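A.B. asks: What follows is a single structure, and I will ask about it in a moment.
In structure tokens form, the structure reads like this:
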């Protein structure tokens, strides 16, 4: 995987750059010793590593502004970092870069229950946003599997979703405004605690821009009343394709559960060994959750179970208590960790039309046999956001490259059936060289023009998202 050659000019000025940064930050907010910067050499895409020149850990927007202004003046590349949970290499540094981590910026700045919003610093973790408002029966809807650790900064950068995004939408549907610092240190406010602002949808441009346009330091988020009740049903099937067909039929019937999650046998077995969730012995399971009043829940579950029974499930289990519900979801939330106990894996997140689930699941099975690599499927089935986990041995020469080749074929398949390369993990470096599969040269150039406007010096996360061949002249200038 190619990365830009580090600038010797920048590296030769490391001591001067660090000294300038120390003028605006406390000593404990700057890391420059190689033995310590190594902790920031990668994110959750651990196959690729490169320690940065330095790391800064500001505590507020003004300090972020000061850091970016200095780096802009000295022509130093900057890599923004949330909690480092990116599965696409979004926070992978270069050797001549300064990593700007927002982990210490984790405060709640304002909460307004009447207008249903909360304003937080962007280093606050996803789950702790709900934690700040749940005593008043509110919650923040987007819920990535990494919600215990992932930061709002990364959620905004990658437009993260989660299990419940089928009903509530992803980050962009729950983001009202941001405070963002431009590469030259300018602080801008975009959106705010109100409905859509007039003019260009700049907030829509920022959300999902992967740290390419600016560093988000504060976010105003929509919070919602907790539903009156919620209940999951666990349905087991004897094949992946039949489970996929059931999902398609539920969506076609106009039923909108709050979540539809899919797991296949390799994932089920790993989860059972780890979380003891009580899943059935099946080739695939669906977790389908509905919410509302008791009458609403009963009506929705009646429709869902009627559709499921048309597909001859081997088990159909409706939760009867909060403990059973917690166990069902504990297994799903533990899926990635459970798989990590038994094998190295690469997690993809191509997204497809729900109607194409049976075809794509069958083709993934065929590719698994073709490449000789096992695949565990666990994903948000309701909106077609797939998460095939390709299992490989990182210590076996050639296995990573084989895994990447298979992953590329799966992502190309997603685009081929009318989907896209990424649903919530972002492009990063992982899918960077596949962008021409989804976009033509004119599409890419249009996107590059947007970055030109926000970051004309091409210093912010410049090695990500776009094929290096399309950005070489801009980065060089």
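Numbering (full-length UniProt numbering), first residue to last: 1 to 477. Glycine included, C-beta positions come from ideal geometry on N, C-alpha and C. As the structure is a prediction and not an experimental result, all values here were calculated from the model.
(1) Contact check, residue 375 vs residue 390 under 8 Å by CB: the rounded distance?
(2) Please confirm whether residue 308 and residue 316 have their CB atoms less than 9 Å apart.
(3) Taking DSSP as the reference, what is the three-state secondary structure of residue 266?
(4) Of the choices 305, 280, 258 and 269, whose alpha-carbon is the least far from that of residue 291?
(5) Below 8 Å, can you find three or more Cβ-Cβ pairs linking the segment 219-233 to the segment 283-298?
(6) With distance defined between alpha-carbon atoms, name the residue in 42, 69, 51 and 30 nearest to residue 59.
(7) Would you please verify whether the beta carbon of residue 400 is less than 9 Å from any beta carbon of chain B?
(8) By alpha-carbon positions, which one of 349, 345 and 240 ends up nearest to residue 313?
(9) Quick one: which unbroken beta strand (DSSP E) runs of 3-plus residues sit fully inside the segment 163-222? Chain order, please.
(10) On the DSSP letters alone, give me the boundaries of the beta strand (DSSP E) that residue 237 sits inside.
(11) Of the choices 122, 267 and 398, whose alpha-carbon is the least far from that of residue 281?
(12) With a 10 Å radius around its C-beta and 16 neighbouring C-beta atoms as the bar for buried, classify residue 438 as buried or exposed.
(13) State the start and end residues of the unbroken beta strand (DSSP E) segment that holds residue 284.
(14) DSSP on residue 398, reduced to helix/strand/coil?
(15) Are the segment 357-372 and the segment 436-451 in contact at 8 Å, needing three or more beta carbon pairs?
(16) For residue 329, which of 162, 47 and 98 has the nearest alpha-carbon?
(17) For the segment 60-75 against the segment 6-24, are there 3 or more C-beta pairs whose distance is under 8 Å?
(18) Under 9 Å between the Cβ atoms of residue 113 and residue 141?
(19) What does DSSP give as the partner residue(s) for residue 377 in the beta ladder?
(20) Starting from residue 110 and walking both ways along the beta strand (DSSP E), at which residues does that stretch end?
(21) May I have the straight-line CA-CA distance separating residue 103 from residue 149, to the nearest angstrom?
(22) Look at the Cβ atom of residue 480, then the Cβ atom of residue 51, and state whether they are nearer than 9 Å.
(23) To the nearest angstrom, report how far apart residue 46 and residue 347 are at their CA atoms.
(24) With respect to the beta strand (DSSP E) encompassing residue 347, which residues constitute its N-terminal and C-terminal limits?
(25) Can at least three beta-carbon pairs, one atom from the segment 61-69 and one from the segment 445-457, be found at a separation below 8 Å?
(26) Once you ignore the five residues that flank residue 57 on each side, which residues in its own chain have a CB closer than 7 Å to its CB?
(27) Just to check my reading of the structure: residue 460 and residue 211 have Cβ atoms closer than 8 Å, yes? What is that Cβ distance to the nearest angstrom?
(28) Which first and last residues belong to the alpha helix (DSSP H) in which residue 371 is found?
C.D. replies: Reading from the atomic positions:
(1) Between the beta-carbon of residue 375 and that of residue 390 there is about 6 Å, and that keeps the pair under the 8 Å contact cut.
(2) Inclusion of residue 308 and residue 316 in the CB contact set at 9 Å is warranted, their separation being smaller than that value.
(3) Here residue 266 sits in helix by DSSP.
(4) Of the candidates 305, 280, 258 and 269, the one whose C-alpha sits nearest the C-alpha of residue 291 is 258.
(5) Two segments are said to touch when three or more pairs of C-beta atoms, one from each, lie closer than 8 Å; by this definition the segment 219-233 touches the segment 283-298.
(6) Cα-wise, what sits closest to residue 59 is 30.
(7) Looking at the structure shown, chain B is missing, and only one protein chain is on hand.
(8) Nearest of 349, 345 and 240 to residue 313, Cα basis: 240.
(9) Here the runs fully enclosed are 175-181, 187-191 and 215-222.
(10) Where residue 237 is concerned, the enclosing beta strand (DSSP E) stretches over 230-237.
(11) Nearest of 122, 267 and 398 to residue 281, Cα basis: 267.
(12) Residue 438 is buried by the Cβ-count criterion.
(13) Run containing residue 284: 284-291, per the beta strand (DSSP E) assignment.
(14) Reduced to three states, the DSSP call for residue 398 is coil.
(15) As far as the Cβ criterion goes, the segment 357-372 does not touch the segment 436-451, which means the pair count is below three.
(16) For residue 329, the closest alpha carbon among the candidates 162, 47 and 98 is that of 162.
(17) Segments in contact, yes.
(18) 9 Å or more divides the Cβ of residue 113 from the Cβ of residue 141.
(19) Answer by DSSP bridge pairing, in chain order: 388.
(20) Counting along the chain, residue 110 sits inside the beta strand (DSSP E) bounded by residues 108-112.
(21) Between residue 103 and residue 149, the C-alpha separation is close to 10 Å.
(22) Since the first residue of the chain shown is 1 and the last is 477, residue 480 is not available in this structure.
(23) Rounded to the nearest angstrom, the two C-alpha atoms are 12 Å apart.
(24) Where residue 347 is concerned, the enclosing beta strand (DSSP E) stretches over 344-347.
(25) Verdict: no, contact absent.
(26) Its chain contains 29, 101, 103 and 104 as the residues whose beta carbon lies nearer than 7 Å to that of residue 57, once the 5 sequence neighbours on both sides are disregarded; these appear in chain order.
(27) With 8 Å as the limit, residue 460 and residue 211 qualify as a contact, their Cβ atoms being about 6 Å apart.
(28) From DSSP, the alpha helix (DSSP H) with residue 371 extends over 357-371.
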